[in-house]
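Novice: According to the UniProt record's numbering, the stretch in the sequence shown is residues 1 to 264, in order.
Heads up, the beta-carbon is just placed ideally off N, CA and C, and yes, glycines get one too.
Dumping the structure here so I can ask a few things about it.
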Amino acid sequence: MASTEDKAASKENTSSWKDSFYNPRTGEVLGRTASSWALILLFYLVFYCFLAGMFALTMWVLLLTLDDYVPRYRDRVPNPGLVIRPNSLDITFNKSDAPSPQHTDGKNEECTEGEYFLQDDSGDMRKKACRFKRASLSVCSGLSDTNFGYHEGKPCVLLKMNRIIGLKPIGNPYINCTVKKENPIPMQYFPSEGKIDKMYFPYYGKKAHENYMQPLVAVKLLLSKEDYNKELPVECRVEGSDLRNNDERDKFLGRVTFRVKVVE
């Protein structure tokens with residue numbers, strides 16, 4: 001049986017353990033009085049309100065330095081890449097069940113061909129956009145052939161450059177495509193020679209240039225039966241200007257490579 005001293009020690013330990021949470025003699029909770037708890041809570045309340053105010057002030061000052069229409073830093077993407085429609089780098093189709101690229105028709109301003117469409121910053125920040133005429137894509141416009149040549153095994157591939165704010169290419173840019181095979185494959189370009197007119201430059205940004213439409217270039221691959229059931233790598237580049245198209249670190253800078261296969 002436990003001795004009287006052991007019982008007393010056990011009772012004292014239990015009392016000490018309870019007093020660490022609440023001491024009825026001093027009124028302390030977890031070692032602090034009510035006034036001490038009030039002071040420390042007040043300190044942290046003021047401290048975190050100060051931090052929140054500093055954060056809000058910093059964000060407000062930062063937002064004052066930003067332009068709603070033009071990004072502050074644009075040096076990471078100085079040259080555009082190329083994208084294609086259909087939106088796939090592997091175009092495999094059967095002539096009887098072929099995909100069709102999406103198409104749009106612009107209804108904007110009539111602009112002077114061969115000249116930059118420059119607009120000043122006075123007055124309304126919203127910019128006018130040049131009209132892209134779908135008919136300029138001829139047999140690849142979807143007007144005369146709603147299947148874009150896929151059902152005859154001679155597909156039209158639509159290409160366009162990524163949008164870069166303020167870009168004004170020097171020279172006369174055009175798109176040129178090659179097929180990596182021994183015997184060259186005839187191609188047709190629309191507009192003529194795959195030209196990208198200067199009137200679609202510069203681009204002023206998504207918010208200012210809401211109705212802007214990138215110019216399209218269509219390349220029609222005149223495949224023969226000998227080319228069917230073969231995977232043909234096609235590379236298209238932007239040529240004739242200062243736009244970069246030979247950076248080995250970025251395979252999509254000023255160019256794009258895709259594969260076409262007609263299954264018969």
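#1: Three-state secondary structure (DSSP) at Ser141?
#2: Hey, out of Arg131, Arg244, Lys154 and Gln188, whose CA is closest to Val263's CA?
#3: Within 10 angstroms of the Cβ of Ala208, are there 16 or more other Cβ atoms? Answer buried if so, exposed if not.
#4: Helix, strand or coil for residue 265? Go by DSSP, reduced to three states.
#5: If you measure between the beta carbons of residue 279 and Arg131, is that distance less than 8 angstroms?
#6: Here's the rule I'm using: 16 or more other beta-carbon atoms within 10 Å means buried, otherwise exposed. How should Ser36 be labelled?
#7: With a threshold of 7 angstroms on Cβ separation, who are the neighbours of Ala2 within its own chain once the five nearest residues in sequence on each side are excluded?
#8: What does Asp90 pair with, by DSSP beta-bridge criteria?
#9: Roughly how far, in whole angstroms, is the beta-carbon of Leu82 from the beta-carbon of Val238, given that I think they are within contact range, below 8 angstroms?
Specialist: According to the data block:
#1: Residue state, collapsed to three classes: coil.
#2: Lys154
#3: buried
#4: In the structure displayed, the chain extends from 1 to 264; residue 265 sits before or after that span and is not available.
#5: With the chain covering 1 to 264 only, the question about residue 279 has no answer from this structure.
#6: exposed
#7: At Ala2 the pLDDT is 49, less than 50, meaning the model places this residue with poor confidence; the figure from the coordinates comes in the next sentence. Hits under 7 angstroms: none found.
#8: Arg259
#9: 7 angstroms
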